[in-house]
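See structure below.
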Amino acid sequence: MMGMLDTIVAHKRAEVEGRRRDVSVQALRDRPLYAVPRRGLRAALARQAPRGVIAELKRASPSRGTIRADYDVPALARGYAAAGATALSVLTDERFFRGALDHLAEARAAAALPCLRKDFLIDPYQVEEARAWGADAVLLIAAAVAPNDGAALLAAAAESGLDVLVEVHAEAELAWALGAGATLVGINNRDLASFTVSLDTTERLAALVPTDVLVVGESGIRSRADLDRMRRAGAHAVLVGEAFMERPDPGAALAEWLGCP
1149 MMGMLDTIVA
1159 HKRAEVEGRR
1169 RDVSVQALRD
1179 RPLYAVPRRG
1189 LRAALARQAP
1199 RGVIAELKRA
1209 SPSRGTIRAD
1219 YDVPALARGY
1229 AAAGATALSV
1239 LTDERFFRGA
1249 LDHLAEARAA
1259 AALPCLRKDF
1269 LIDPYQVEEA
1279 RAWGADAVLL
1289 IAAAVAPNDG
1299 AALLAAAAES
1309 GLDVLVEVHA
1319 EAELAWALGA
1329 GATLVGINNR
1339 DLASFTVSLD
1349 TTERLAALVP
1359 TDVLVVGESG
1369 IRSRADLDRM
1379 RRAGAHAVLV
1389 GEAFMERPDP
1399 GAALAEWLGC
1409 P
């Protein structure tokens, strides 16, 4: 039986082939946002370490269904920026997370923060898409790609001038990421096979990361206490979505965490 990640990746392959038939790489490169200067995600996180927060715009998920019915991307992006977010993560997967590439462009226009395209990256074409819609960085989930494909995606992102947040959950994935030259590693506290969450994952894996590589704690971070725990574990930043999205005012929720008025 296919797991959820396998199901998503299989759908993504078909989706990407359809997009490639409809829109050529040259057409992507002709889009106005393709040529704009990038806002470096890694540099922004390094400046604010260990207090960096990547605040996520996330409408829905396969496990939770709709998380936020009132999903006003520009308003959410502005709220996060005003509250002190270091960067934005924008879900662009349509089928499983009800996101859209247009959300990426809307977020970039609304807030002067680096924007991460949060999707299931399996093909260099998606890197071109990300840049064409204004992304400054892309997420690469190690568990979703074969090692050789992952290396090709890292190279494609470097060629496009985009930072890469390489997401890992296990020691073998971390070893691959570091061997491939990743300088920004996200440690996912959620097991994508079982969907169980344990903050111990970041505590265990962060200790194995060299000091010149930035660590982002991901998933299961639901309180200021969790945020502090990730910092103590060695995370330079955290990525938080659902804990903010389910609150009436996500920006205000972030401000509370950061101790802002």
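With our numbering applied, the sequence shown covers 1149 to 1409.
By construction, the Cβ of each residue, glycine as well, lies at the ideal position given by its N, Cα and C atoms.
Just so you know, these numbers come straight off a predicted model, no measurement behind them.
Check: Looking at arginine 1246: is its Cβ nearer than 8 Å to the Cβ of alanine 1208?; Outcome: yes
Check: Between the alpha carbons of aspartate 1339 and serine 1308, how many angstroms are there, rounded?; Outcome: 30 Å
Check: Sort Val1314, Gly1334 and Leu1288 by Cα distance to methionine 1378 and report the nearest one.; Outcome: Gly1334
Check: Would you list the one or two residues that DSSP bridges to arginine 1265?; Outcome: Val1238 and Val1286
Check: Between the alpha carbons of alanine 1192 and alanine 1278, how many angstroms are there, rounded?; Outcome: 19 Å
Check: Could you pull out every residue in the same chain whose Cβ sits closer than 6 Å to the Cβ of aspartate 1360, ignoring the five residues on either side in sequence?; Outcome: none
Check: With valine 1275 as the anchor, note down where its beta strand (DSSP E) starts and where it stops.; Outcome: Taken as a continuous stretch (DSSP letters only), valine 1275 belongs to no beta strand (DSSP E), being part of the alpha helix (DSSP H) at 1272 to 1280.
Check: Report the three-state DSSP secondary structure of glutamate 1165 (helix, strand or coil).; Outcome: helix
Check: Is DSSP giving glutamate 1394 helix, strand or coil here?; Outcome: coil
Check: To the nearest angstrom, how far is it from the Cα of leucine 1287 to the Cα of leucine 1249?; Outcome: 14 Å
Check: What are the complete alpha helix (DSSP H) segments, minimum 4 residues, inside the stretch 1294 to 1364?; Outcome: 1295 to 1308, 1319 to 1327 and 1348 to 1354
Check: Among the residues of its own chain, which have a CB less than 7 Å from the CB of glycine 1399, if the five just before and after it don't count?; Outcome: Gly1227, Tyr1228, Ala1230 and Ala1231
Check: With a Cβ-Cβ cutoff of 8 Å, do isoleucine 1202 and leucine 1301 count as a contact?; Outcome: no
Check: Report all residues from its chain with a CB closer than 6 Å to the CB of leucine 1244; omit the five preceding and five following residues, and keep chain order.; Outcome: The question names leucine, but residue 1244 is phenylalanine in the sequence shown. So the list reads Ile1156 and Pro1210, once near-sequence residues are dropped.
Check: Contact check, threonine 1234 vs glycine 1200 under 8 Å by CB: the rounded distance?; Outcome: 4 Å
Check: Do you know how far the Cα of leucine 1269 is from the Cα of aspartate 1241?; Outcome: 10 Å
Check: If the criterion is Cβ atoms closer than 8 Å, does the pair valine 1314 and alanine 1330 meet it?; Outcome: yes
Check: Just confirm the distance between the C-beta atoms of glycine 1389 and serine 1172, as a whole number of angstroms; I'd bet it's less than 8 Å.; Outcome: Wrong, their Cβ atoms sit about 33 Å apart, outside the cutoff.
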